[in-house]
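Heads up: the sequence lines are chains A and B, in that order.
Residues 966 to 1273, numbered by the numbering used here, are exactly what the first sequence covers, in order.
Residues 71 to 508, numbered by the numbering used here, are exactly what the second sequence covers, in order.
Ideal Cβ placement from N, Cα and C applies to all residues, glycine included.
Written below as structure tokens is the structure these notes are about.
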Amino acid sequence: MTIAPPVVRTAPLSARSAAGSGSVSWMAWPALIAFTLFGLIPLVGVLVLSFSSWSGQTTDIPFSGLDSWRSVLADPQLPHALGVTFLIMALSWVVQTPLSILIGVFLAAQHRYRGVLAVLYFIPLLLSQAAISITYKALLDPNFGLGAGLGFEFLQQDWLGDSTLAVGVVVFVVSWQFIPFHSLIYQGGVRQIPASMYEAAQIDGAGRVRQFFSITLPQLKYTIITSSTLMVVGSLTFFDLIWVLTAGGPGDATRALAVDMYTRGFKANLMGPASVIAVILVLCGLVLALALRRLGGRDQADSQLEGA
Amino acid sequence: MKRRNFLTLTAGAAAGAALSACGTSGPAGGGGAAKAGEASYWFLSGPPGEKPRTGAVERFNQANPNGKIKVTTFQNDVYKDKLKAAMGAGQGPSVIWGWGGGGLKTYVEAGQVEDLTDWFGQNAAVKDRLFPASFGPATVNGKIYAMPAETVQPLVLFYNKEVFQNAGLQPPQSWADIMALVPQFNAKGIAPFSLGGQSRWTNMMWLELLFDRIGGIEVFNDIYEGKPNAWNNPAALDALTKTQELVKANGFVKGFSSITADSNADQALLFKGRAAMMLHGSWSYGIIQAQGGSFIKDGKLGYMNFPPVEGGKGNPEDTYGNAGQFLSISSKASAEQKDIAKKFFASMLDDTEQQDWIGTGGVPIVKGADAKLAASPDADFLKFVYGVASGAKNFGQSWDQALSPTAAEALLSNIAKLFTEDVSPQQFADNMNAVIGK
């Protein structure tokens, strides 16, 4: 069984690659079709709906020009929701990035015990966001939660009922769930760095800290951009987690854009204004992703390995 | 290529958002898909209502093999979303189970439900045996668009008799009593009132009764009828101020704004003696009975109608809550389906179904149902509910169901902010005046 010669496979492989050396653009078709069906068409639909005053309950859609746009842009709820969204985005980036890099670097080394730890670290990633939120909500219950159960005074806060704490809890739960994912990205990034760079640094007398800041971090530049883009754009769509934990409350302290959109559309039956918010979300995502790309520098083809 | 990847990623995320905003993908089937000779009927699953509802349909189907009702059940929140999506796509069920009021009104305005006024005129017996108050939420612009059904659920001020006894205190007879009890219970480390504030409609119950007790039914009627600046009524501002005074005096359990009513933690706080009182719907009785061990059997649960407010104009016998459930017929249903549905309506709340509802701790909306209550182990509470419901000069409908979904959402969102003291009573009134009649 184990002695099957690998030579056998090379012949048909090279033959196939020779035959298919023409255009491979057809490979993009499945993704393109799916993206058009489930991405572009709904996007156009939302744009169209944003000029309507549809209630979502009728089969005919009444159009009302810019009314929905005017009402949303004049609503103080919009700057508030934008503020909440960007606050959660910024805080979760600030919390997640350093921790993910450290864990990623730690896990990149080839030790068996680190492999075991890596498996444990990734467990939160396997759980559904709704399940995580329900669990945390139960643990943080002011009367029947962990604090009350264990009798620890410092745990007996009004975690989800206090405006500031509630935002903190949302950021914490987001980080708890997604740090493993970003650690995985950084682990891969660190393993790509050639060992020769570290060897050269060691010969020059650089310590571990110096190596981290002078080699690892700069080499991770594109990994950081990738991970940050995922974090930033992903945080625009946080909905289920916030909805289960706080439903946008207390008051409207955690009413982020996605929550605001759902509430307007499906609670208040205002599909027009909800679509306006959706369009704003799309624009925010595009602008942020493009801005992060710019941060990466114009010439993506530049070698990162100069001098290695 | 790389740039495109990022764009795809962003647009993908955005499209996800877009999809959820659009959401017209209802379940296939519904009214159109029901077989000939069958009317579809969607309602809520789970206790306490599923068994009596299913039983009524089964008996009807046995008696009418040629014109059956086909049932699909959903959980509460799922049902609301599915129904909304299906109605929007013109694929709703033949029989629509709902809450009447503002939600029904939006269906009426969109021409989606049948006018039943003539049918009730021809079948006076069907109408006359039910509580007159239950027709309020079924009526839009003077015409009846729904069949009232099931049970009446007024708001009740529950209290823990044991907690009151141990503290040597008496249940409140007025608003002043309530405000006087608050510091006494707080001093003993017991929350005066339990409240599942994250659900928001729970907070709304306080406003409903305070508005009514202070200013009478006119205050909310003006709002309901869309009179400009109706929220600026001095009685309304007084009620809003009193609510916030209670919040500021720590009248509600710590962390109330993160407690959901779905978790039943609000009832648990009461029967575990962590809170002394709770204003809630009469259905709480069933929840306490199911989860509170021997709390009710040991006679520890007290209940009363909400007390009067000093100098208030309202009738202290008035109450708020659900005057029933409301079944409408889709205007998209075939003539045959409509006939089946009407026949089904006429068969509803027979003796067996009434007994089923009484078994769940509910009072059917049938006149004289009190005669059937005595045999129930919960006879005392059920008679109290029957008394409140039949004695109320005004049985107000829950505001979030009376108003249009748009105004209701604005109301709930402002109520949440009123209870977290993010808005003042006057700001609340201003915000709400802006959506009056919408």
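Shorter than 8 Å from the beta carbon of residue i to some beta carbon of chain A?
{"i": "A180 (chain B)", "result": "yes"}
{"i": "E479 (chain B)", "result": "yes"}
{"i": "P495 (chain B)", "result": "no"}
{"i": "P262 (chain B)", "result": "no"}
{"i": "T490 (chain B)", "result": "yes"}
{"i": "S364 (chain B)", "result": "no"}
{"i": "G507 (chain B)", "result": "no"}
{"i": "A216 (chain B)", "result": "no"}
{"i": "G325 (chain B)", "result": "yes"}
{"i": "M157 (chain B)", "result": "yes"}
{"i": "P475 (chain B)", "result": "yes"}
{"i": "K152 (chain B)", "result": "no"}
{"i": "K175 (chain B)", "result": "no"}
{"i": "G99 (chain B)", "result": "Bear in mind that a pLDDT of 39 at G99 (chain B), under 50, signals an unreliable position, so the number given afterwards is only what the model happens to contain. Cβ-Cβ to chain A under 8 Å: no for G99 (chain B)."}
{"i": "S95 (chain B)", "result": "Legend: pLDDT at S95 (chain B) = 34, less than 50; position of this residue unreliable, value from coordinates given subsequently. Cβ-Cβ to chain A under 8 Å: no for S95 (chain B)."}
{"i": "K487 (chain B)", "result": "yes"}
{"i": "S468 (chain B)", "result": "no"}
{"i": "Q268 (chain B)", "result": "yes"}
{"i": "G160 (chain B)", "result": "yes"}
{"i": "S110 (chain B)", "result": "no"}
Could you name the residues that DSSP lists as bridge partners for residue i?
{"i": "N230 (chain B)", "result": "B:L371"}
{"i": "F376 (chain B)", "result": "In DSSP, F376 (chain B) forms no bridge with anything."}
{"i": "S398 (chain B)", "result": "B:I166"}
{"i": "A140 (chain B)", "result": "Contrary to the premise, residue 140 (chain B) reads as Lys rather than Ala in this sequence. In the DSSP output, where bridge partners are listed per residue, K140 (chain B) has B:S110."}
{"i": "L200 (chain B)", "result": "B:V436"}
{"i": "I214 (chain B)", "result": "B:T209"}
{"i": "M347 (chain B)", "result": "B:Y229, B:F263"}
{"i": "T389 (chain B)", "result": "B:F465"}
{"i": "P224 (chain B)", "result": "B:G391"}
Report all residues from its chain with a CB closer than 7 Å to the CB of residue i; omit the five preceding and five following residues, and keep chain order.
{"i": "S474 (chain B)", "result": "G172, K175, T176, K508"}
{"i": "Q1121 (chain A)", "result": "G1112, A1113"}
{"i": "N131 (chain B)", "result": "K138, I139"}
Between residue i and residue j, is the Cβ-Cβ spacing less than 8 Å?
{"i": "A1254 (chain A)", "j": "V1198 (chain A)", "result": "yes"}
{"i": "F414 (chain B)", "j": "I139 (chain B)", "result": "yes"}
{"i": "A411 (chain B)", "j": "A109 (chain B)", "result": "yes"}
{"i": "D942 (chain A)", "j": "S1015 (chain A)", "result": "Here chain A has residues from 966 to 1273 only, and residue 942 (chain A) is not among them."}
{"i": "P122 (chain B)", "j": "G394 (chain B)", "result": "no"}
{"i": "G1069 (chain A)", "j": "V1155 (chain A)", "result": "yes"}
{"i": "I1180 (chain A)", "j": "I1158 (chain A)", "result": "yes"}
{"i": "V317 (chain B)", "j": "F498 (chain B)", "result": "no"}
{"i": "M374 (chain B)", "j": "P241 (chain B)", "result": "yes"}
{"i": "G259 (chain B)", "j": "F322 (chain B)", "result": "no"}
{"i": "Q1061 (chain A)", "j": "F1117 (chain A)", "result": "no"}
{"i": "G160 (chain B)", "j": "K442 (chain B)", "result": "no"}
{"i": "T142 (chain B)", "j": "W167 (chain B)", "result": "no"}
{"i": "L307 (chain B)", "j": "Q496 (chain B)", "result": "yes"}
In chain order, what residues of the same chain have a beta carbon less than 6 Å from the beta carbon of residue i, not counting five sequence neighbours either side?
{"i": "E232 (chain B)", "result": "K370"}
Measure how close the beta-carbons of residue i and residue j come, nearest whole angstrom, since I'm counting them as under 8 Å.
{"i": "G325 (chain B)", "j": "A305 (chain B)", "result": "Their Cβ separation, rounded to whole angstroms, is 31 Å, which puts G325 (chain B) and A305 (chain B) out of contact at 8 Å."}
{"i": "L227 (chain B)", "j": "L239 (chain B)", "result": "Not quite, the Cβ-Cβ distance comes to about 14 Å (not below 8 Å), so this is no contact."}
{"i": "E380 (chain B)", "j": "W245 (chain B)", "result": "6 Å"}
{"i": "V183 (chain B)", "j": "Y149 (chain B)", "result": "Not confirmed; about 17 Å, so no contact."}
{"i": "V1136 (chain A)", "j": "L1056 (chain A)", "result": "4 Å"}
{"i": "D151 (chain B)", "j": "M274 (chain B)", "result": "Not really, about 21 Å apart at Cβ, beyond 8 Å."}
{"i": "K115 (chain B)", "j": "Q145 (chain B)", "result": "Looking at the sequence itself, residue 115 (chain B) is Ser, so the reference to Lys does not match. Confirmed, Cβ separation roughly 6 Å."}
{"i": "V40 (chain B)", "j": "L186 (chain B)", "result": "Residue coverage of chain B in this structure runs from 71 to 508, which leaves residue 40 (chain B) outside it and unanswerable."}
{"i": "V493 (chain B)", "j": "N484 (chain B)", "result": "6 Å"}
{"i": "A346 (chain B)", "j": "N256 (chain B)", "result": "Not quite, the Cβ-Cβ distance comes to about 10 Å (not below 8 Å), so this is no contact."}
Indicate whether at least one CB of chain B lies closer than 8 Å to the CB of residue i.
{"i": "K1186 (chain A)", "result": "no"}
{"i": "L1125 (chain A)", "result": "yes"}
{"i": "G1214 (chain A)", "result": "yes"}
{"i": "Q1022 (chain A)", "result": "yes"}
{"i": "A1233 (chain A)", "result": "yes"}
{"i": "T1100 (chain A)", "result": "no"}
{"i": "F1109 (chain A)", "result": "yes"}
{"i": "T1001 (chain A)", "result": "no"}
{"i": "T1219 (chain A)", "result": "no"}
{"i": "D1106 (chain A)", "result": "yes"}
{"i": "T1129 (chain A)", "result": "no"}
Please go through the same chain and pick out, in chain order, the residues whose beta-carbon is closer than 8 Å to the beta-carbon of residue i, but skip the five residues on each side of it.
{"i": "N303 (chain B)", "result": "G285, V289, D292"}
{"i": "S1140 (chain A)", "result": "S1057, V1060, Q1061, L1064"}
{"i": "N501 (chain B)", "result": "A480, N484, V493"}
Open item on the list: Taking beta-carbon pairs under 8 Å, can you tell me which members of the region 336-352 of chain B lie near chain D?
Closed with: Looking for chain D here will not work: the only protein chains present are A and B.
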